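Protein sequences appear in the order of chains G and Y. When the letters of the first sequence are read in order and numbered with this note's numbering, they come out as residues 670 to 946. When the letters of the second sequence are read in order and numbered with this note's numbering, they come out as residues 263 to 565. Heads up: the structure comes next, in structure tokens.
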Amino acid sequence: MFSGLMLNTWIAATVVAVIAGVTGFFAVLRGSTFAAHAIPNGAFAGAAGASLLGLNAFVGLAVFSVAGALGIAGLGRRARHDVATALTFVMMLGVGALFVSWSTEYAQEAYSLLFGEVFGVSQAEVLPIVVLGVVSIAAIIVMFRPLMLSSAMPEVAEARGVSSRRMELAFLLVMALATSMTVPVVGALLMFSLMIGPAAAARSLTARPMLAMTLSVAIALVTVWIGIALSYQSNWPLGFFVGIMGAAFFLFGQAYAAIRRRLATTTSPAATANPAA
Amino acid sequence: MGHLLRYIFEPGLFGSGPVHVAFAVGTVIAITSAVVGVFTVTRGQSFAGHSLADIATTGGAGAFLIGLNQFWGYLAFGVGAAAFMEMIGVQRRRGRDVATGVVLGAALGLAALFLYLGTQESSTTGASFTILFGSMFAITPSTVPALIASALLALVTVAVLARVLLLSSLSPDIAAARGVPVRAVGAAYLMALAVSVALSAVIIGAVLSTALLIGPAATALRVAKGPVRAMAVAAGIGVAATWLGIVLAYDSFYWPPAGRGWPVSFFVVTLIVGGYLVTYLRRRDRREAAPEALDAEQVCSPV
Chain G
670 MFSGLMLNTW IAATVVAVIA GVTGFFAVLR GSTFAAHAIP NGAFAGAAGA
720 SLLGLNAFVG LAVFSVAGAL GIAGLGRRAR HDVATALTFV MMLGVGALFV
770 SWSTEYAQEA YSLLFGEVFG VSQAEVLPIV VLGVVSIAAI IVMFRPLMLS
820 SAMPEVAEAR GVSSRRMELA FLLVMALATS MTVPVVGALL MFSLMIGPAA
870 AARSLTARPM LAMTLSVAIA LVTVWIGIAL SYQSNWPLGF FVGIMGAAFF
920 LFGQAYAAIR RRLATTTSPA ATANPAA
Chain Y
263 MGHLLRYIFE PGLFGSGPVH VAFAVGTVIA ITSAVVGVFT VTRGQSFAGH
313 SLADIATTGG AGAFLIGLNQ FWGYLAFGVG AAAFMEMIGV QRRRGRDVAT
363 GVVLGAALGL AALFLYLGTQ ESSTTGASFT ILFGSMFAIT PSTVPALIAS
413 ALLALVTVAV LARVLLLSSL SPDIAAARGV PVRAVGAAYL MALAVSVALS
463 AVIIGAVLST ALLIGPAATA LRVAKGPVRA MAVAAGIGVA ATWLGIVLAY
513 DSFYWPPAGR GWPVSFFVVT LIVGGYLVTY LRRRDRREAA PEALDAEQVC
563 SPV
């Protein structure tokens, strides 16, 4: 399980889990879960286009995920956010359907882009993933304060001169960047589950932002590690374990929050009056 | 003129059996999706609408594995997922997208498993593909009655609930004050959405199902005043895009580069998104004219 080839898998999956934990935390906080689903899945159409032109799949993924981020942010200016996301998403997939119908031997590759090939990570693929992971995390650290402010309290952020539109665009671009590198490795579907499940669970466990983000990364790491071990043993796809464990962590977090609320109301009624509690 | 018409409508278009079925089924789905979609967009549940499409197809794959009729798989997963979303908070504005995302994430995990187990037995990697994109020309006529029945079910549910549903979507407080059981109405609507989306996703693919649900409704809500007109306009846009898409796809059999025809989903999606963009650009002068929204006043006052 820890042999030479598997080492690449462990490294790549760990980097992906950290990226997913951090970006997912903001996606859940901002309510951009639909975008977190749309960008990786829509980017998959770009890979189809790249394979048609004989380019590296990464180029297609990068172009399409950035185009998706721009489309969502652009349309979202004067439309409902979920409508903008839905329409950008179906447009990308519609173009993807066209590309796929033009090429002949794409089905196998499509499967691996959707569901990932985490056990086939080569040495050459690990380095770009690590570099891109560091870049995305650095980008989030640089804009951490304004992003946090505009996610949690958009009005206050606007009053302090933080443009929420610009933050939205910046955040979506980071997500696009993270996505274009991780999709060939873990697959579009798994990337989504890994962004949402752990972050949602962390949010219901604590209201403190830094702690929630740390927890989100920790849960993502645990999920991926256990998932790889189970997947290695059973030969079942990693995406299955990650998806189910993400939901399980979320339900656990919800149950924990409900119990804590009940305890708070029975022991000290004053605690519930305080909105921060 | 006759020459031009023959150029647009390839000879044989109206004589082909699969094309007839595609037209009939496409029309039914376009109308149902448009009407249900007006509520979906108003309630801000586009993500749920799309997720239910993905989830239902997962159910189909699961039913196929254990040898059940796939129809029941679609329905069971769609309705089950809707119930689960409702339970963990899809109705609350803040938790809505997260609840949807968690359910979708779990369902996609199951999809990965089902497809893996499926390919163990029959090595059809094309399955992931059909699930996403579907194919309008490959509809089996035997599924048509079930489709029409479930479409009618969804339409009737929405029509019966229309008034209270709109009111509780736009202003839950007023609705509750008037004695509307807001949560129950929302749950019933979510079930109708699940049924209509599940079936359309299976037959025309998750992509097209989402496009027909959201696109025409969002466009109509930008141009039409009042819920009833919005539904009518949405249905018109949906049907027009579907018909034109089918005609173009039929024509495209002779187009470059492959000579195999371009997919229907590409044409329909492009037409729908194009239509939306036209209204989007037209409204530039009236910047904040409440995009894709109805007024609570319009709904409360007699139509």
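A virtual CB, placed ideally from N, CA and C, is assigned to each residue, including glycine. Computed from a predicted structure; not experimentally measured.
Beta-carbon separation of residue i and residue j under 8 Å?
{"i": "Ala-857/G", "j": "Phe-713/G", "result": "yes"}
{"i": "Thr-875/G", "j": "Leu-884/G", "result": "yes"}
{"i": "Val-735/G", "j": "Ala-839/G", "result": "no"}
{"i": "Val-422/Y", "j": "Ala-437/Y", "result": "no"}
{"i": "Ala-717/G", "j": "Phe-758/G", "result": "no"}
{"i": "Leu-366/Y", "j": "Asp-435/Y", "result": "no"}
{"i": "Ala-766/G", "j": "Pro-525/Y", "result": "yes"}
{"i": "Asp-359/Y", "j": "Phe-919/G", "result": "no"}
{"i": "Val-684/G", "j": "Gly-802/G", "result": "yes"}
{"i": "Val-530/Y", "j": "Thr-504/Y", "result": "yes"}
{"i": "Val-886/G", "j": "Val-911/G", "result": "no"}
Note down, in chain order, every chain G residue with its Cβ under 8 Å from the Cβ of residue i.
{"i": "Thr-472/Y", "result": "Ala-755, Phe-758 and Val-759"}
{"i": "Ser-458/Y", "result": "Going along chain G, no residue has its Cβ under 8 Å from Ser-458/Y, so there is no contact; the nearest lies around 16 Å."}
{"i": "Ser-308/Y", "result": "Phe-703, Arg-749, Asp-751, Val-752, Thr-754 and Ala-755"}
{"i": "Phe-326/Y", "result": "By Cβ distance, chain G contributes nothing, its closest Cβ being about 17 Å from Phe-326/Y, past 8 Å."}
If you run the structure through DSSP and keep just helix, strand and coil, what is residue i?
{"i": "Thr-472/Y", "result": "helix"}
{"i": "Ala-717/G", "result": "helix"}
{"i": "Met-822/G", "result": "coil"}
{"i": "Ile-680/G", "result": "helix"}
{"i": "Ala-450/Y", "result": "helix"}
{"i": "Met-812/G", "result": "coil"}
{"i": "Trp-829/G", "result": "Note that residue 829/G is Arg in the sequence shown, not Trp. In the structure shown, Arg-829/G sits in coil (DSSP, three-state: anything other than H, G, I, E or B)."}
{"i": "Ser-849/G", "result": "helix"}
{"i": "Leu-330/Y", "result": "coil"}
{"i": "Ala-876/G", "result": "coil"}
{"i": "Pro-478/Y", "result": "helix"}
{"i": "Ala-486/Y", "result": "coil"}
{"i": "Ala-748/G", "result": "coil"}
{"i": "Gln-307/Y", "result": "coil"}
{"i": "Val-790/G", "result": "coil"}
Rounded to the nearest angstrom, what separates residue i and residue j at their Cα positions?
{"i": "Ile-895/G", "j": "Pro-867/G", "result": "13 Å"}
{"i": "Leu-744/G", "j": "Ala-753/G", "result": "5 Å"}
{"i": "Leu-295/Y", "j": "Met-879/G", "result": "A quick correction: the sequence has Ser, not Leu, at residue 295/Y. Going by the C-alpha atoms only, they are around 42 Å apart."}
{"i": "Val-891/G", "j": "Ile-328/Y", "result": "32 Å"}
{"i": "Ser-819/G", "j": "Glu-837/G", "result": "9 Å"}
{"i": "Ala-726/G", "j": "Met-850/G", "result": "10 Å"}
{"i": "Val-281/Y", "j": "Leu-722/G", "result": "32 Å"}
{"i": "Arg-872/G", "j": "Ala-881/G", "result": "6 Å"}
{"i": "Ala-361/Y", "j": "Val-795/G", "result": "33 Å"}
{"i": "Ala-927/G", "j": "Ser-701/G", "result": "24 Å"}
{"i": "Met-914/G", "j": "Leu-899/G", "result": "12 Å"}
{"i": "Val-300/Y", "j": "Leu-417/Y", "result": "12 Å"}
{"i": "Ala-468/Y", "j": "Ala-369/Y", "result": "14 Å"}
{"i": "Arg-440/Y", "j": "Leu-739/G", "result": "43 Å"}
{"i": "Leu-432/Y", "j": "Ser-833/G", "result": "25 Å"}
{"i": "Ala-450/Y", "j": "Thr-419/Y", "result": "8 Å"}
{"i": "Thr-386/Y", "j": "Ile-809/G", "result": "Low confidence applies here, because Thr-386/Y scores a pLDDT of 48, under 50, leaving its location unreliable and the question unanswered by this model."}
{"i": "Leu-841/G", "j": "Leu-816/G", "result": "11 Å"}
{"i": "Ile-888/G", "j": "Leu-415/Y", "result": "42 Å"}
{"i": "Thr-934/G", "j": "Tyr-925/G", "result": "14 Å"}
{"i": "Ala-755/G", "j": "Tyr-516/Y", "result": "31 Å"}
{"i": "Leu-698/G", "j": "Val-509/Y", "result": "44 Å"}
{"i": "Pro-407/Y", "j": "Gly-830/G", "result": "58 Å"}
{"i": "Val-303/Y", "j": "Ser-430/Y", "result": "14 Å"}
{"i": "Phe-528/Y", "j": "Ala-496/Y", "result": "19 Å"}
{"i": "Ser-748/G", "j": "Ala-424/Y", "result": "This sequence places Ala at residue 748/G; Ser is not what is there. Spanning the two alpha carbons is a distance of roughly 24 Å."}
What does residue i touch in chain Y if you count any residue whose Cβ is under 7 Å from its own?
{"i": "Phe-909/G", "result": "Gly-371, Leu-372, Ala-374 and Leu-375"}
{"i": "Ser-862/G", "result": "Gly-367, Leu-370 and Gly-371"}
{"i": "Pro-906/G", "result": "Ala-374, Leu-375 and Tyr-378"}
So which residues on chain Y does residue i lean against when the C-beta distance must stay under 8 Å?
{"i": "Gln-923/G", "result": "Ile-350"}
{"i": "Val-913/G", "result": "First, the amino acid is wrong: residue 913/G is Ile here, not Val. Going along chain Y in sequence order, the residues near Ile-913/G (Cβ under 8 Å) are Ala-368, Gly-371 and Leu-372."}
By the criterion of Cβ-Cβ separation under 9 Å, what are the contact partners of residue i in chain G?
{"i": "Pro-525/Y", "result": "Gly-763, Ala-766, Leu-767, Val-769 and Ser-770"}
{"i": "Gly-477/Y", "result": "Val-752, Ala-755, Leu-756 and Val-759"}
{"i": "His-282/Y", "result": "Here the premise fails: no neighbours, minimum Cβ distance about 22 Å."}
Using a cut-off of 7 Å between C-beta atoms, extract the partners of residue i located in chain G.
{"i": "Thr-532/Y", "result": "Gly-763"}
Mind listing the chain Y neighbours of residue i? Cutoff is C-beta to C-beta under 9 Å, in chain order.
{"i": "Gly-866/G", "result": "Gly-363, Val-364, Gly-367 and Ala-368"}
{"i": "Val-697/G", "result": "Asp-359, Val-360 and Gly-363"}
(request) Determine, using beta-carbon pairs with one atom in the region 529 to 539 of chain Y and one in the region 465 to 479 of chain Y, whether at least three such pairs fall under 8 Å. (result) yes
(request) Please determine if the region 460 to 473 of chain Y and the region 330 to 344 of chain Y are in contact, where contact requires at least 3 C-beta pairs separated by less than 8 Å. (result) yes
(request) Flag this pair as touching only if the region 486 to 499 of chain Y and the region 362 to 382 of chain Y have three or more C-beta atom pairs under 8 Å; answer yes or no. (result) no
(message) So, does the region 445 to 452 of chain Y touch the region 281 to 293 of chain Y, judging by three or more C-beta pairs under 8 Å?
(response) Contact fails: fewer than three Cβ-Cβ distances are below 8 Å.
(message) Across the region 340 to 347 of chain Y and the region 306 to 326 of chain Y, are there enough close Cβ pairs to call them in contact, namely three or more that are closer than 8 Å?
(response) yes
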